[in-house]
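Please read the structure below before turning to the comments.
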Amino acid sequence: MSDQPSSSGSNNPVQPPTSSRTVRRRRPTAIPTEEGSNEVIGGSGGGGGNEVIILKPSDVPQREPLPEYKPPDVPSNISSVPKTVPIDRLHEYHVDDTKNVILPTNISSDLLMAEAEKIKEPVSFRSTNYVDPERIREEIGEKEMRKKEESERKRRKQFGWKQQMDFIQRSQDTINSISYGCSTRIMEDSINILHVIMKAPEASIYKGGVFFFTISMNVTPDLDLIPDITFKTLMFNPNLSRTGKYDNRSLLNNHWNRNSTLDVIYKWLTMEMINLKTDIFKKSISQLEDMSQPNISHLARNDWTKFEEIARELVMKMAGGTVAKHHTVKAEMGNEYTSEHGWAVPPEEEDIDVCN
């Protein structure tokens with residue numbers, strides 16, 4: 001059998017399979033030319049309701065044009081300003097009982113004056129870029145005020161920085177030494193804040209305690225440099241607020257001036273701690289109420305023994321004080337051994353003496 005296809009079959013080529021989707025062909029519609037007649041589709045030609053007539057372009061009905069808009073005639077009451085009025089004062093003639101004329105932005109003042117001379121009655125002109133001069137003056141005043149305030153802030157800042165530097169220079173001897181039990185440290189990025197560690201005076205009820213506080217040198221509106229003292233260590237004192245700020249009114253009223261140094265602050269604070277009992281019993285009821293914590297001031301006045309007991313207890317717990325209440329405690333540690341420290345537990349009969 002030969003591999004060649006037989007010639008006995010049909011000579012038509014094999015058609016490829018078509019898609020099963022049916023495509024609907026568009027019905028051709030011919031628009032008649034002007035020379036031909038209108039084509040009638042459907043019906044019997046006798047004017048039945050099923051007839052579709054394809055009209056020639058000339059037979060298509062046209063819509064009537066809309067009537068031209070004509071604005072109503074408005075009587076004109078144009079009037080002009082006096083000839084001697086300059087162009088920059090035309091806004092003064094803008095009143096409600098006259099006709100307002102909107103001027104284009106590109107009109108020249110000469111042309112405006114020439115047109116105004118043709119009319120002998122007042123007329124008000126207003127440009128499309130009109131700005132109320134009162135509003136302009138207000139804006140200029142506000143800008144000048146902001147500039148003055150900014151300049152004043154800069155001046156105060158520079159003056160305050162100079163005062164702070166002068167204060168640091170005057171207090172160098174105190175900063176480089178221990179004064180009244182206080183050692184001082186200055187941060188490089190904030191010279192207006194001094195960090196202080198104070199050992200409480202021996203003659204006070206805070207004996208043996210170590211207190212941390214900061215002194216912030218601030219400039220007042222009167223350009224005076226005053227210190228603000230804020231304690232970081234808890235201290236039971238009626239002059240100390242809940243936020244740690246110490247009442248410095250007696251310092252400012254009785255000891256502080258423009259030439260004061262850090263030594264003045266340390267001396268005053270030391271005497272405040274030593275003379276606390278005397279100062280409390282000298283104050284009146286209204287003065288006790290005016291202290292930072294009136295409830296503590298009344299407790300100190302009415303029951304000094306109880307007040308001192310609480311103050312000493314807080315010194316023991318919060319400020320590391322152990323001198324006034326010297327005591328012995330036994331080490332309660334696990335029986336552990338390390339090569340560096342040896343046995344953790346001491347002999348049973350030996351007590352550890354805790355003291356400063």
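All letters in the sequence shown, in the order written, are residues 1 to 356 by the UniProt record's numbering.
Every residue gets a Cβ at the ideal spot worked out from N, C-alpha and C, and that includes glycine.
- Listed as beta-bridge partners of MET198 by DSSP are CYS182 and PHE211.
- Leaving aside the five residues that flank PHE231 on each side, the residues in its chain whose CB is nearer than 7 Å to its CB run, in chain order, PHE211, PHE213, LEU240, GLY244 and TYR246.
- PRO238 sits close to GLN293, with the two beta carbons spaced by under 7 Å.
- DSSP places PHE231 within a strand segment (E or B) once states are collapsed to three.
- Where ILE205 is concerned, there is no enclosing alpha helix (DSSP H), because DSSP gives it neither an H nor an E.
- Per DSSP, the beta-bridge partners of LEU240 are TYR246.
- Where VAL264 is concerned, the enclosing alpha helix (DSSP H) starts and stops at 262 to 274.
- A check of alpha carbon separations from TRP268 across ASP290, PRO227 and PRO61 identifies PRO227 as the nearest.
- The residues GLN164, PHE167, ASN192, LEU225 and PRO227, in chain order, have a CB closer than 7 Å to that of MET217 in the same chain once the five nearest residues on each side in sequence are set aside.
- Of SER260, GLU144, LEU299 and ILE54, the smallest CA-CA separation from ARG170 is found for SER260.
- In this model, ILE205 and GLU309 are separated by some 9 Å (Cα to Cα).
- Here ASN248 really is in contact with ILE229; their C-beta atoms are around 6 Å apart, less than 8 Å.
- Contact check for ALA200 against GLY209 passes: the beta carbons are separated by less than 7 Å.
- For ILE53, no alpha helix (DSSP H) segment is defined; the enclosing uninterrupted segment is the beta strand (DSSP E) at 52 to 54.
- Counting along the chain, ARG312 sits inside the alpha helix (DSSP H) bounded by residues 304 to 318.
- Less than 7 Å divides the Cβ of ALA300 from the Cβ of ILE280.
- If you draw a 10 Å sphere on the C-beta of ILE54, you find fewer than 16 other C-beta atoms in it, and that means exposed.
- For VAL219 against ARG156, the beta-carbon gap comes to about 6 Å, under 8 Å, which counts as contact.
- In the displayed model, SER286 falls within a helix according to three-state DSSP.
- If the five residues before and after LEU262 are omitted, its C-beta is found closer than 6 Å to the C-beta atoms of SER171 and THR174, all from its own chain and listed in chain order.
- Our two residues, SER183 and HIS195, have alpha carbons roughly 8 Å apart in a direct line.
- Per DSSP, the unbroken alpha helix (DSSP H) holding ASP173 starts and ends at 172 to 175.
- Straight-line spacing of the CA atoms in ASP59 and SER108 works out to 57 Å.
- In this structure, LEU112 and ILE136 do not form a Cβ contact; the two beta carbons are roughly 21 Å apart against a cut-off of 8 Å.
- Using a Cβ distance threshold of 7 Å, MET318 and LEU234 count as a contacting pair.
- For SER58, the three-state secondary structure derived from DSSP is helix.
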